[in-house]
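Visitor: Below is the structure I would like to discuss, written out as structure tokens.
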Amino acid sequence: MSSEGSPEAARPSNFIRDIIIQDIQDGKHGGRVHTRFPPEPNGYLHIGHAKSICLNFGLAREFNGKCNLRFDDTNPAKEETEYVESIMEDVRWMGFEWDALFYASDYFDQLYDWAIQLIKDGKAYVCDLTPEQVRATRGTTTEPGTPSPYRDRSVEENLDLFQRMRAGEFPDGSRTLRTKIDMASPNFNMRDPVMYRILHAEHHRTGDKWCIYPMYDYTHGESDSIEGITHSICTLEFEDHRPLYDWYVENLGIHHPQQIEFDRLNLTNTLLSKRKLLLLVQKGYVTGWDDPRMPTLSGMRRRGYTPEAIRNFCANIGVSKTNGVIEFGLLEHFLREDLNKRALRAMAVLDPLKVVITNYPDDLVEHLEAVNNPEDESAGVRTVPFSKVIYIEQDDFREVPPKKYYRLSPGTEVRLRYAYFIKCTDVIKNEAGEVVEVHCTYDPASRGGNSPDGRKVKSTIHWVSAPHAVDCEARLYDQLMLETTGEESADADFTSQLNPESLVIPPQAKVEPSVAAAAPGTKYQFERVGYFCVDKVSTPERPVFNRTVKLRDSWAKIDKAQNG
Ligand code: ATP
Ligand code: MG
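When the letters of the sequence shown are read in order and numbered with my numbering, they come out as residues -4 to 559.
Structure follows, in structure tokens:
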């Protein structure tokens, strides 16, 4: 893993790039590079799609080519305009703009005409078998399939039946149009695949114009061809479909794009299947597609991810020809690297303990200078109010400190970030014996946190001024899924693998006043606590922050400890 400089600049080579470079050298497609990103609008985009977006748009950008956005909308039942809009927003958020926008449904007339052409050429036929019968006669890996009894219908009869299919004469599922290829092919996809099915369903764009819909395989290559795509990049599960992709464009005698397959992204503890993500939304396990725990781009955006972090991650993982599972921690590494550069620093106390500074004047309020981002001088400085009563984290105080505990305890002195040295003099307890308040004295000569006489303190802790701090809701997110082995092992009952602690909200969190009115999306590093992002429901009276990522990775270690 390389974390030096910008991984985007030092983009590692990959085999798809190498193919494109060779094609340009050979003058294939006249040296043109034209890719496309073809989502089905049946859900929101997720981090897996980001890999495909970075590849398709990234390669086009690198080679002065073009990249289209094409909605692969051949399945009317599951598609919605809401998804179309979210996909466009997410692609743009990732930092890309398409050269042209298309819908596969734009090609329904052309695809229909081509189907007629294939029928006339004796290469397609109307089949009256039910979907179950088609499946049952496909054969096995060792046995060829059984030819349909309708395979040898005359061209005239096929043309008549297909036109009547289109006219709506037949019920759903009663007939299909099939390609006449080879029922004995070792590749199942070549055993007379279905081209059209009957489906009386309203389409999000074509309405009720059609009651027959083309299948994915019949649609995809031709759509690529119509758009003049040169390199049709898709995931590995389509490798076995490539012969069929090639068959259609060759037999129609149209422009022949090259299909190239790469490995799907799988991430530990992460579901990357739109079907499963839709279930989480529908069954209310999450608050919506943009729940900050979702691996959707809209969820990650709301959580505080940056497109730069995602692009750097995608550039770093590259592409290959074998599917694997990437550690989620790698994505978080690129996230922290980016947030460290851009997040404003601020102070928040998630689990407050009251500290009274007994020798500080009762009514005095000082406004102490604090640095907004040590990584970025242009972010400037702000002031933070300081007063006699402050809050620190419970965790930063121990009445009986264990060995090597250097934070506040009776008799020890620590630095309050940007403020003063304080020394603990007294501990106030309730009837149950719990510490409810800590008394300290401060050294006025240590203002700004500087040692007045070269005296050293071993730790610096964060704090907020009690009368000035703003109560906030800090939403602490963790992995949504406990399952660590990625997608495949998350079976039908994947909801049993949901992490019950994927969202924890500490009841009394407080932030310094400067951040209370920040706009949704503003990114902070709450010093020593973690990276946070202002949520869309935040108000100045009740600020809401999403924890984007912890300062360090604790998940890998915990997981190892739990699983031995
Ligand atoms: P799902 O099974 O989640 O619905 P999909 O592949 O059917 O995913 P599409 O909308 O068809 O989703 O995907 C659009 C593009 O994004 C395709 O080219 C697809 O190969 C790619 N893509 C989808 N998921 C991943 C992934 N996990 N890794 C890489 N590319 C992906
Ligand atoms: Mg798909």
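Glycine is no exception: its CB is placed at the ideal position from the N, C-alpha and C atoms.
The model shown is predicted, which means the values in this text are computed figures rather than measured ones.
Near L40, what residues of its chain come up, given a Cβ to Cβ distance below 6 Å and the 5 sequence neighbours on each side ignored?
Guide: Contacts found: I82, D85, L292.
Visitor: Classify E217 as buried or exposed, calling it buried when 16 or more other Cβ atoms lie within 10 Å of its own Cβ.
Guide: Buried is the call here.
Visitor: Counting along the chain, where does the alpha helix (DSSP H) carrying H328 start and finish?
Guide: Run containing H328: 323 to 337, per the alpha helix (DSSP H) assignment.
Visitor: Going straight from the alpha carbon of L330 to that of I305, what length do you get?
Guide: Spanning the two alpha carbons is a distance of roughly 7 Å.
Visitor: From D21 to F58, what does the alpha carbon distance come to, in whole angstroms?
Guide: Those two C-alpha atoms are separated by around 15 Å.
Visitor: Work out the CA separation of C49 and P2 for me, nearest whole Å.
Guide: Only weak support is given to the placement of P2: the predicted model assigns it a pLDDT of 43, under 50, and the question is left unresolved by the model.
Visitor: Between K316 and the ligand ATP, is the CB less than 7 Å from at least one heavy atom?
Guide: Outside the cutoff, so no.
Visitor: My output table needs one value for N311: the three-state DSSP class, helix, strand or coil.
Guide: The answer is helix: DSSP assigns N311 an H, G or I state.
Visitor: At 4 residues or longer, and completely inside the stretch 77 to 140: list those alpha helix (DSSP H) runs for me, N to C.
Guide: 103 to 115, 126 to 131, all fully within the stretch 77 to 140.
Visitor: Return the CA-CA distance between L334 and S315, expressed in angstroms with no decimal places.
Guide: L334 and S315: Cα-Cα distance of roughly 28 Å.
Visitor: For P567 and T137, I'd like the C-alpha separation in whole angstroms.
Guide: Only positions -4 to 559 of the chain appear in this structure, which leaves residue 567 out of reach.
Visitor: Could you check if R259 belongs to the surroundings of the ligand ATP, using beta carbon to heavy atom distance under 7 Å?
Guide: R259 Cβ: within cutoff of the ligand ATP.
Visitor: Buried or exposed: which applies to Q17, given that a residue is buried once 16 or more other Cβ atoms fall within 10 Å of its Cβ?
Guide: Classification of Q17: exposed, given that the 10 Å Cβ count is below 16.
Visitor: Once the 5 residues before and after E152 are set aside, which same chain residues still bring their CB inside 7 Å of it?
Guide: Cβ within range, chain order: n/a, list empty.
Visitor: What are the boundary residues of the beta strand (DSSP E) that V524 is part of?
Guide: Here V524 belongs to no beta strand (DSSP E), and DSSP marks it neither H nor E.
Visitor: Given 7 Å as the limit, tell me if C229 has its C-beta closer than that to any heavy atom belonging to the ligand ATP.
Guide: At least one heavy atom of the ligand ATP is nearer than 7 Å to the Cβ of C229, so yes.
Visitor: Give me the DSSP bridge partner(s) of E468.
Guide: BP columns for E468 point to V539.
Visitor: Run the proximity test for R412: is its beta-carbon closer than 7 Å to any non-hydrogen atom belonging to the ligand ATP?
Guide: No - the ligand ATP has no heavy atom lying nearer than 7 Å to the Cβ of R412.
Visitor: Roughly how many angstroms lie between the CA atoms of T543 and D212, to the nearest whole one?
Guide: T543 and D212: Cα-Cα distance of roughly 40 Å.
Visitor: What span of residues does the beta strand (DSSP E) with V150 cover, start to end?
Guide: No beta strand (DSSP E) contains V150, which is instead part of the alpha helix (DSSP H) from 150 to 162.
Visitor: Does at least one heavy atom of the ligand ATP sit under 7 Å from the Cβ of D212?
Guide: No, the Cβ of D212 stays beyond 7 Å of every heavy atom of the ligand ATP.
Visitor: So K383 packs on Y355, CB below 8 Å; how close in whole Å?
Guide: Indeed, because the Cβ distance is near 4 Å, the residues count as touching under 8 Å.
Visitor: Rounded to a whole number of angstroms, what is the C-alpha to C-alpha distance between A119 and T301?
Guide: The alpha-carbon atoms of A119 and T301 are separated by roughly 49 Å.
Visitor: Can you round the beta-carbon distance between A95 and D67 to whole angstroms, since I take them to be within the 8 Å contact cut?
Guide: Contact doesn't hold; Cβ gap of about 15 Å is too wide.
Visitor: Residue range of the beta strand (DSSP E) that E364 falls in?
Guide: Where E364 is concerned, the enclosing beta strand (DSSP E) stretches over 361 to 366.
Visitor: Since N63 sits in a beta bridge, which residues does DSSP pair it with?
Guide: Its beta-bridge partners are R31, A95.
Visitor: Flag this pair as yes or no: are the beta carbons of L411 and R288 separated by less than 8 Å?
Guide: No, Cβ-Cβ distance for L411 and R288 is not below 8 Å.
Visitor: Is it a yes or a no for the stretch 255 to 262 touching the stretch 462 to 470, going by three-plus beta-carbon pairs under 8 Å?
Guide: In short, these stretches do not touch, since the Cβ pair count stays below three.
Visitor: Which residue marks the beginning of the alpha helix (DSSP H) containing K568, and which one marks its end?
Guide: The question about residue 568 has no answer here: the residues shown for the chain are numbered -4 through 559.
Visitor: Give me the Cα-Cα distance between D13 and Y415, rounded to the nearest whole angstrom.
Guide: Cα to Cα, the separation comes out at about 59 Å.
Visitor: Three or more beta-carbon pairs under 8 Å between the stretch 156 to 175 and the stretch 122 to 132, yes or no?
Guide: These segments touch.
Visitor: Taking the continuous beta strand (DSSP E) assigned at F257, which residues delimit it?
Guide: Looking at the DSSP string, the run of the beta strand (DSSP E) that includes F257 is 253 to 257.
Visitor: Does R298 come out as helix, strand or coil in the three-state DSSP assignment?
Guide: Helix at R298.
Visitor: Distance check for A514 and K545, CA to CA, integer angstroms please.
Guide: Rounded to whole angstroms, K545 to A514 spans 21 Å at the Cα level.
Visitor: Check whether the Cβ of Q474 lies closer than 8 Å to any Cβ atom in chain B.
Guide: In the structure shown, chain B does not exist; there is a single protein chain.
Visitor: Just how far apart, CA to CA, sit T317 and T230?
Guide: Approximately 10 Å, taken between the alpha carbons.
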